[in-house]
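In this note's numbering, the protein residues as written are 5 to 188.
Cβ coordinates follow ideal geometry from the N, Cα and C atoms, glycine included.
All values reported here derive from a predicted model rather than from experimental measurement.
Following: one structure in structure tokens, then a few remarks.
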């Protein structure tokens, strides 16, 4: 069974985007240590999962990029979850339009490498609501936004996580990896 891993950037005060969805605050912190860690993690994925908005942003950038992230983003299959998208011209992309929870469960049951989800806030919150995320990779930036969009929506019960890794990546970034666990 494959794991569903959600990779997100977040501010030190817990936001994954500014109130208007802006992410420009994340880019000044990316350095060589972050790049090496992230590229290694990208290559471990069997498929990249994303929502329609993130797909649009990535599809307009990665196919022509020479950055080290581009090769794994372009070569590894991508699944874009959307009920409205009709075409996905980025190579190795498939549109998935069924029920999110059912589709994720089906994908997790298939053999292969883990599924790596890249969120915009809305897609990430939808993933959290399914209860099917096995691992959260949170890259914490040394910036406080004061307000914005959160990763975790209102939950019906506490979500217990077990920290499995915390690594400093330079430029003040800390990657924290958590696995979901049952309530005790």
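8 Å Cβ cutoff, residue i in contact with chain B
i          : result
residue 42 : Here there is only one protein chain, and chain B is not present.
Buried versus exposed call for residue i [16 or more other C-beta atoms within 10 Å across all chains shown]
i           : result
residue 143 : buried
residue 159 : exposed
residue 66  : buried
residue 36  : exposed
residue 181 : buried
residue 114 : exposed
residue 9   : buried
residue 15  : buried
residue 124 : buried
Residue i in three-state terms, based on DSSP
i           : result
residue 77  : helix
residue 59  : helix
residue 127 : helix
residue 121 : strand
residue 187 : Unreliable positioning characterises residue 187 in this predicted model, as indicated by a pLDDT of 46, which lies under 50. A coordinate reading is not provided.
residue 40  : helix
Start-to-end residues for the alpha helix (DSSP H) that takes in residue i
i           : result
residue 184 : Run containing residue 184: none in the alpha helix (DSSP H); it sits in the beta strand (DSSP E), 178-184.
Delimiting residues of the beta strand (DSSP E) encompassing residue i
i           : result
residue 167 : 165-172
residue 143 : 139-145
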